[in-house]
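Residue numbers (our numbering), protein chains in the order written: chain L, 1 to 113; chain U, 114 to 226. Here is the structure we will look at.
Number of protein chains: 2
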Amino acid sequence: MKWSDLDDNWCPVARTLSLVGDRWTLLILRDCFLGLSKFDEFANSTGATRHVISDRLKRLVEAGILEKQAYSDRPKRYEYILTEKGREFGPALSAFKDWGKKHLPIRRASGAV
Amino acid sequence: MKWSDLDDNWCPVARTLSLVGDRWTLLILRDCFLGLSKFDEFANSTGATRHVISDRLKRLVEAGILEKQAYSDRPKRYEYILTEKGREFGPALSAFKDWGKKHLPIRRASGAV
DNA sequence: ATCTCCAGTTCTGATTTGGAACTTTATGCA
DNA sequence: TGCATAAAGTTCCAAATCAGAACTGGAGAT
Numbered sequence: 001m002k003w004s005d006l007d008d009n010w011c012p013v014a015r016t017l018s019l020v021g022d023r024w025t026l027l028i029l030r031d032c033f034l035g036l037s038k039f040d041e042f043a044n045s046t047g048a049t050r051h052v053i054s055d056r057l058k059r060l061v062e063a064g065i066l067e068k069q070a071y072s073d074r075p076k077r078y079e080y081i082l083t084e085k086g087r088e089f090g091p092a093l094s095a096f097k098d099w100g101k102k103h104l105p106i107r108r109a110s111g112a113v
Numbered sequence: 114m115k116w117s118d119l120d121d122n123w124c125p126v127a128r129t130l131s132l133v134g135d136r137w138t139l140l141i142l143r144d145c146f147l148g149l150s151k152f153d154e155f156a157n158s159t160g161a162t163r164h165v166i167s168d169r170l171k172r173l174v175e176a177g178i179l180e181k182q183a184y185s186d187r188p189k190r191y192e193y194i195l196t197e198k199g200r201e202f203g204p205a206l207s208a209f210k211d212w213g214k215k216h217l218p219i220r221r222a223s224g225a226v
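Structural data, given as structure tokens:
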């Protein structure tokens with residue numbers, strides 16, 4: 001089954017996943033809530049390849065979760081801002097955060113003493 | 114960057130994603146909350162390939178989110194049950210559900226009139 | 001004997017990624 | 001002038017992952 005086939009699923013969780021239930025997409029959204037908004041910021045912060053960042057931003061804009069806003073005209077430059085729809089995704093990320101804090105305590109970096 | 118490199122990330126959201134931030138994994142967890150517990154149930158319900166179901170169940174058991182319990186001895190058969198750690202992931206799925214209900218209303222199936 | 005069920009495993013071709021280089025528009029600087 | 005840098009993508013190739021279907025193996029049912 002293809003991923004996109006879920007967008008009409010009876011289950012709202014499945015529909016949500018068909019849109020944002022992807023590794024990097026959720027990480028990009030986390031970054032948005034942390035205040036990041038530019039392409040390179042996402043690329044550096046998430047560690048995803050530029051290819052993937054490009055693709056995911058496109059989808060998020062199409063879905064109305066992010067909005068592409070010009071912040072410079074001369075060299076046309078855009079930043080990505082959460083829409084209301086996007087901001088309302090906050091609780092979901094909070095739930096991830098809480099669960100991670102409780103159940104996945106950070107281990108000391110393997111090499112460091 | 115590899116996905117698994119996130120498991121020591123400073124951000125609890127990233128750590129959570131490194132474990133369950135995968136299309137099918139979250140769908141399997143949803144099924145668990147709906148009361149499903151058997152391999153074929155997950156395969157049929159999610160539409161993921163058996164290969165993927167097998168892999169994800171293994172990971173979830175390793176991570177202590179699901180527990181493999183024998184429900185039949187003669188033909189050794191197992192079912193997968195949420196642990197306490199797994200049950201505490203409920204709020205995250207609820208948040209997805211709420212967001213999906215509000216922002217992704219189900220469209221009439223494209224073909225049907 | 002043969003069929004069916006369940007829980008996986010295995011195989012192969014197609015899709016998606018990762019990683020790095022390249023492009024475009026514009027600024028800084030010497 | 002000429003070179004370097006920056007942001008936001010795009011393009012290319014090899015490698016990893018996935019979809020789909022078939023196959024395995026134990027056990028009860030017909």
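Note that beta-carbon positions come from the ideal geometry of N, C-alpha and C, so glycine has one too. Note that the structure is a prediction, hence the values are computed from the model and not measured.
When DSSP labels each residue in this structure, what does A63(L) get in the three-state scheme?
Correct three-state label for A63(L): coil.
Quick test of your reading: K85(L) and G64(L), contact by CB under 8 Å. State the CB separation rounded to the nearest angstrom.
5 Å between Cβ atoms; contact.
What are the start and end residues of the alpha helix (DSSP H) that includes E197(U)?
Counting along the chain, the alpha helix (DSSP H) containing E197(U) begins and ends at E197 to R200.
Using the beta-carbon of each residue, which ones in chain U are nearer than 8 Å to E88(L)?
Those within 8 Å of E88(L) in chain U are W212, K215 and H216.
Taking only the alpha-carbon atoms, compute the straight-line gap between D97(L) and R128(U) and give it to the nearest angstrom.
With the sequence shown as reference, residue 97(L) is identified as Lys, and Asp is not the correct amino acid for it. Computed Cα separation, rounded: 9 Å.
Run through DSSP, which three-state label would K295(U) get?
Residue 295(U) cannot be examined here, being either before or after the span of chain U that is shown, 114 to 226.
For the stretch 161 to 179 of chain U against the stretch 36 to 56 of chain L, do three or more pairs of beta-carbon atoms, one drawn from each stretch, fall closer than 8 Å, so that the two count as touching?
The stretch 161 to 179 of chain U is not in contact with the stretch 36 to 56 of chain L.
Comparing the C-beta of A205(U) with each C-beta of chain L, is any distance below 8 Å?
It does: the Cβ of A205(U) has a partner Cβ on chain L nearer than 8 Å.
Is T49(L) near the ligand COA, in the sense that its beta carbon is under 7 Å from a heavy atom of that ligand?
Within the structure as shown, the ligand COA is missing, as the structure has no ligands at all.
Taking all protein chains shown into account, do 16 or more other C-beta atoms lie within 10 angstroms of the C-beta of W257(U), making it buried, or fewer, making it exposed?
Residue coverage of chain U in this structure runs from 114 to 226, which leaves residue 257(U) outside it and unanswerable.
Under three-state DSSP, which class holds K300(U)?
An answer regarding residue 300(U) cannot be provided, because it is not within the stretch 114 to 226 covered by chain U.
Pick out whichever of F89(L), P105(L), K102(L) and R107(L) has its Cα sitting closest to the Cα of F33(L).
Of the listed residues, the one whose Cα sits closest to F33(L) is F89(L).
Can you grab the Cα-Cα spacing for the pair T30(L) / S94(L), in whole Å?
In the sequence under discussion, the amino acid at residue 30(L) is Arg, which differs from the Thr named in the question. Looking at the two C-alpha atoms, the distance is approximately 9 Å.
In the DSSP output, what is I194(U) paired with across the bridge?
Partner(s): E180(U).
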